[in-house]
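Residue numbers (the numbering used here), protein chains in the order written: chain A, 2 to 290; chain B, 2 to 290. Glycine included, C-beta positions come from ideal geometry on N, C-alpha and C.
Below, the structure is given as structure tokens:
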């Protein structure tokens, strides 16, 4: 059996520097099928608790968008080129049609097929398997809880639903088929589906966001990682503490649940290199007495 | 080094039947300190993404409560004794003072001290260590992001903040000290702190909820597990699918984010016995082509 390749799903999907390896499977990785799925998998894909959390985000997006289309906003929720999160300027809406922009993986769909395949084999992440998944996964991914209803509600009030994913442009047909088979309707590459390889930005979604905002008044953005909102969150010089500080700065805080919407995903993400000292500061160290 | 005892944190804190064992540490449990914390730990305790999600729930609670105190609600959000979630009746408010009821662990505080101690040693959960933690953990737990601000906002509008925890009544002094040291102010056992052993209900919080609702008009309830809202969610006859169906039924859906508030916790929970087939239905099985 193939051992885990030292790349994380976070690397591919978020474009973050990463050499961590326990994104999908439990660590330490053991050959053979673990008796129990890792807790992150159990929680996200199996629990009523996560189902409620995901549904709540979808309900909030639909409520917010339905409210916003009644007043024509002046600006998109997409940062203007060069604007920083802590001193934000946004793309103007003018008279452009409305859109909402979503990451795809673990934002519109749960990648159950590839996740099970890798996790049962103790594979943290394998880009070759993932490439095959992008091409052939249609039918084995699922719309997340409440997502089909949310997408339908947005379209019903005239909002175009756009996906901006780090799946590869070369696999566009497979990703279109996957979203359609999940019950989320038609996404068309270059029109409502933007992918890595569409421009020279690599895994940064900033350029694709700018392209979308040039055509649409974007009233909502959603993702499971901060790179789904601004590439500034993925800058390599940003320490974990500084990243949290930036994400909870007044300017960013004003956007969460008010134009920017974050789905829970404890299974993989750009945080997958965090170590013991990042999670447990020394003043929380404790021993039984 | 002591090996993991086959009990999960979910069992103690949620009172669910459970023999799963990978609640805190990664599975398979290995002796010695894993190189990397499990993804669930990295996400919850280290990521900006989880920080945003937790803060969003706290902001929502404060906004909701501030709005509710302006109109005196007719009913508490606590189910009347014997009432079922799918046909709910609620405790009347009459002229009782306002309160909000919170679970403690991973709802008001993150248990960093005990979690680090067990996870670094590959211990899934050890009730003796946890008992010592309840007694002596003050200072090594942290208020969750935005929780001190939320608690202060509630108290500022005259709402009593009550904790209803499955920590033990015998360890009340330690838990009072832990909440105080985390910056959450004073909780007093029997008045604003309700614990396992306060009544004959064991780990069911229903009896304690009824006791609280007899004294207070409870306008908000929050937790990280469904047992923090009704023991009906913990009935052993409830399959995972039926539990999700109950939690997303129209009556329950009307309460989420409208009186009942759920915090993300992928580290431990009553879902920790879910197996591969629970997460990945056969029609999502897939293999690389």
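Interface partners of residue i on chain B, CB under 9 Å
{"i": "residue 86 of chain A", "result": "Ordered by position in chain B, no residue passes the 9 Å Cβ test against residue 86 of chain A, which lies about 12 Å from the chain."}
{"i": "residue 115 of chain A", "result": "287 and 289"}
is_contact[residue i, chain A] using C-beta, thresh 7 Å
{"i": "residue 133 of chain B", "result": "yes"}
{"i": "residue 239 of chain B", "result": "no"}
{"i": "residue 112 of chain B", "result": "no"}
{"i": "residue 252 of chain B", "result": "no"}
{"i": "residue 7 of chain B", "result": "Unreliable positioning characterises residue 7 of chain B in this predicted model, as indicated by a pLDDT of 30, which lies under 50. The coordinate reading is nonetheless provided below. Taking Cβ atoms only, chain A never reaches closer than 7 Å to residue 7 of chain B, which makes this a no."}
{"i": "residue 263 of chain B", "result": "yes"}
{"i": "residue 221 of chain B", "result": "no"}
{"i": "residue 79 of chain B", "result": "no"}
{"i": "residue 213 of chain B", "result": "no"}
{"i": "residue 287 of chain B", "result": "yes"}
{"i": "residue 141 of chain B", "result": "yes"}
{"i": "residue 137 of chain B", "result": "yes"}
{"i": "residue 209 of chain B", "result": "no"}
{"i": "residue 19 of chain B", "result": "Only weak support is given to the placement of residue 19 of chain B: the predicted model assigns it a pLDDT of 31, under 50, and the question is left unresolved by the model."}
Per-residue contacts from residue i into chain A (C-beta, under 7 Å)
{"i": "residue 226 of chain B", "result": "50"}
{"i": "residue 267 of chain B", "result": "40, 41, 44, 45 and 267"}
{"i": "residue 244 of chain B", "result": "49"}
Environment of residue i [buried if 16+ CB atoms lie within 10 Å]
{"i": "residue 37 of chain A", "result": "buried"}
{"i": "residue 50 of chain B", "result": "buried"}
{"i": "residue 82 of chain A", "result": "exposed"}
{"i": "residue 267 of chain A", "result": "buried"}
{"i": "residue 357 of chain B", "result": "Examination of residue 357 of chain B is not possible in this model, given that chain B is present from 2 through 290 alone."}
{"i": "residue 35 of chain A", "result": "buried"}
{"i": "residue 159 of chain B", "result": "exposed"}
{"i": "residue 284 of chain B", "result": "exposed"}
{"i": "residue 133 of chain B", "result": "buried"}
{"i": "residue 136 of chain A", "result": "buried"}
{"i": "residue 166 of chain A", "result": "buried"}
{"i": "residue 128 of chain A", "result": "exposed"}
{"i": "residue 77 of chain A", "result": "buried"}
Residue range of the beta strand (DSSP E) that includes residue i
{"i": "residue 160 of chain B", "result": "Per DSSP, residue 160 of chain B belongs to no beta strand (DSSP E) and is neither H nor E."}
{"i": "residue 77 of chain B", "result": "76–80"}
{"i": "residue 93 of chain A", "result": "91–93"}
{"i": "residue 263 of chain A", "result": "261–263"}
{"i": "residue 113 of chain B", "result": "From DSSP, residue 113 of chain B is part of no beta strand (DSSP E) but of the alpha helix (DSSP H) over 113–121."}
{"i": "residue 196 of chain A", "result": "194–197"}
{"i": "residue 224 of chain A", "result": "218–224"}
{"i": "residue 101 of chain B", "result": "99–103"}
Opening and closing residue of the alpha helix (DSSP H) in which residue i lies
{"i": "residue 54 of chain B", "result": "49–69"}
{"i": "residue 279 of chain A", "result": "277–280"}
{"i": "residue 246 of chain B", "result": "241–248"}
{"i": "residue 133 of chain B", "result": "128–137"}
{"i": "residue 177 of chain A", "result": "173–182"}
{"i": "residue 253 of chain A", "result": "251–254"}
Any chain B beta carbon closer than 7 Å to residue i
{"i": "residue 14 of chain A", "result": "Since pLDDT at residue 14 of chain A reaches only 42, below the 50 mark, its modelled position is unreliable, and no value is offered."}
{"i": "residue 206 of chain A", "result": "no"}
{"i": "residue 258 of chain A", "result": "yes"}
{"i": "residue 290 of chain A", "result": "yes"}
Residue i beta carbon near the ligand FMN (any heavy atom closer than 6 Å)
{"i": "residue 64 of chain B", "result": "What this structure holds is no ligand at all, so the ligand FMN is not there to describe."}
Interface residues of chain A facing residue i [CB-CB closer than 9 Å]
{"i": "residue 249 of chain B", "result": "49, 52, 53, 56, 146 and 147"}
Interface residues of the region 37–71 of chain B facing chain A [CB-CB below 7 Å]: Of all residues in the region 37–71 of chain B, 37, 38, 39, 40, 41, 42, 43, 44, 45, 46, 47, 48, 49, 50, 52, 53, 54, 56 and 57 have a Cβ within less than 7 Å of some Cβ in chain A.
Where the region 118–133 of chain B meets chain A: residues whose CB sits under 8 Å from a CB there: Correct list: 118, 121, 129, 130 and 133.
Contacting positions in the region 178–189 of chain B - beta carbon closer than 9 Å to chain A: Those would be none; no residue qualifies.
Contact set between the region 269–282 of chain B and chain A, restricted to residues whose Cβ is under 9 Å from the partner: Taking 9 Å as the Cβ-Cβ cut-off against chain A, the residues of the region 269–282 of chain B that qualify are 269, 270, 271, 272, 273, 274, 275, 276, 277, 279, 280, 281 and 282.
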